[in-house]
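The sequence shown runs 486 to 637 under our numbering.
Idealized CB from N, CA, C, for every residue including glycine.
Since the structure comes first, as structure tokens, the remarks are kept for the end.
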Amino acid sequence: MKKRVISIMLLSFILITLAGCKKETPVSTTEEKKGIQLVSVSEVQDSIDKEDLYIFVLGNGDCPACEMYEESLEELEETENVKLDYIDILEENRSEVEDLLYNVLNQDSEEGIATPTTFFIRNGEVVDTLVGAVDFETLMEDYGDLIKEFAQ
């Protein structure tokens, strides 16, 4: 019980700490196109249900680590033809984000969640995650085989 309370407090602290950053990009993707798309939780849930292979990033677009990582993701999109969706946690309802993480993706609520986190999903199941920001070279070195599988 004590671990759960601490985890909830930690997650709340992370979300409150990140609340000072705002991204001005509207949350909507009505057309399919390659590249990084800012999407809502419901759009991610739909994609998880519909797509065999799917990658999305949970982040906060104006925080330094997420901004740095976006550069790596843009290079990934350009060089590997990978479609990526991006949820900005500040643009979404907190309970919907938590439901996605803990109930849909079966992530451990005891550990909380860090941003950015990249989720690789195959047939509705998380097959791997990348927690934190890395440069493009590290991304390809550590996750290149998986990324190539997910490339369109």
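Where does residue i land, buried or exposed, given buried means 16+ other C-beta within 10 angstroms?
i: SER557; result: buried
i: PHE605; result: buried
i: ASN591; result: exposed
i: THR564; result: exposed
i: GLU596; result: exposed
i: VAL619; result: buried
i: VAL582; result: buried
i: ASN566; result: exposed
Would you mind reading off the limits of the beta strand (DSSP E) that contains residue i?
i: ILE475; result: This structure does not reach residue 475, given that the chain is present from 486 up to 637, and the question cannot be answered.
i: ILE606; result: 602-607
i: VAL616; result: 610-616
i: ILE533; result: Unbroken run through ILE533 is the alpha helix (DSSP H), 526-535; no beta strand (DSSP E).
With distances taken from CA atoms, which of the options is nearest residue i?
i: VAL529; options: LEU586, ASN545, LEU561 and GLU563; result: LEU586
i: ASP584; options: ILE521, GLN522, SER527 and LEU523; result: SER527
i: ASP537; options: GLY617, ASP627, GLY609 and GLY629; result: GLY609
i: VAL524; options: TYR554, GLU552, MET553 and LYS568; result: LYS568
i: ASP531; options: CYS548, VAL589 and ASN545; result: VAL589
i: LEU615; options: CYS548, ASP534, TYR554 and LYS535; result: TYR554
i: CYS548; options: GLY629, ASP627 and GLY617; result: GLY617
i: ILE533; options: ARG607, ARG579 and ILE598; result: ARG607
If you follow the alpha helix (DSSP H) that residue i is part of, which residue opens it and which one closes it?
i: ASP630; result: 621-635
Contact defined as beta carbons within less than 8 Å: I believe residue i pairs with residue j. What is the distance between those atoms, to the nearest angstrom?
i: ALA456; j: PRO601; result: Since the first residue shown for the chain is 486 and the last is 637, residue 456 is missing from the structure and cannot be characterised.
i: LEU561; j: LEU624; result: 6 Å
i: ILE521; j: GLU577; result: Going by Cβ atoms, the distance from ILE521 to GLU577 rounds to 16 Å, so no, they are not a contact pair.
| field | Three CB pairs or more closer than 8 Å across the segment 535-554 and the segment 565-578 | value | yes
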